[in-house]
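Here the structure comes first, spelled out in structure tokens, and everything after it is commentary.
In this note's numbering, the protein residues as written are 20 to 127.
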């Protein structure tokens, strides 16, 4: 299992190709319990997908930042991976929202 972000109901080829890798299963096994413990409801169920609408992205990004800090506090060696993947995810999601205000994402 790996965790990726995709656009729900894509309307063009670029949206169909939106597939952002976030983490592999071995890292997800570390990250998921931390997200659940912190009550990060947009980041705690990536094994079965979470929906994130365009209007939810600020809160999703806030939760990602909290999650990144908690993960790297517990597992220092994951910091470069988490920082790079979460930064890329936030950038790409922001670009997608700028192109289409009603875009929705599935994370899982």
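Each residue gets a CB set at the ideal place from its N, CA and C atoms; glycine is no exception.
For clarity, every value in this text was computed on a predicted model and none was experimentally measured.
Inside the stretch 41-67 only - alpha helix (DSSP H) runs reaching at least 4 residues: 44-57
Any contact between the stretch 115-124 and the stretch 95-105? By contact I mean 3 or more CB pairs, one from each, below 8 angstroms. no
With a threshold of 16 other CB atoms inside 10 Å of the CB of residue 50, please say whether the residue is buried or exposed. buried
Which same chain residues, not among the five before or five after residue 82, have their C-beta less than 7 angstroms away from its C-beta? Excluding residues within five positions, the ones whose Cβ falls inside 7 angstroms are 59, 61 and 62.
Near residue 94, what residues of its chain come up, given a Cβ to Cβ distance below 7 angstroms and the 5 sequence neighbours on each side ignored? Only residues of its own chain outside the window of five on either side were considered, and among them 49 have a CB closer than 7 angstroms to the CB of residue 94, listed in chain order.
Nearest to residue 127 (by Cα), restricted to the options 29, 35 and 39: 39
Leaving out five residues before and five after residue 34 in sequence, what residues of the same chain have Cβ atoms less than 7 angstroms from its Cβ? 26
Please classify residue 106 as buried or exposed, where buried requires at least 16 neighbouring CB atoms within 10 angstroms. exposed
When burial is assigned at 16 or more other CB atoms within 10 Å of the CB, is residue 113 buried or exposed? exposed
Exposed unless 16 or more other CB atoms sit within 10 angstroms - verdict on residue 76: Answer is buried; the Cβ neighbour count reaches 16.
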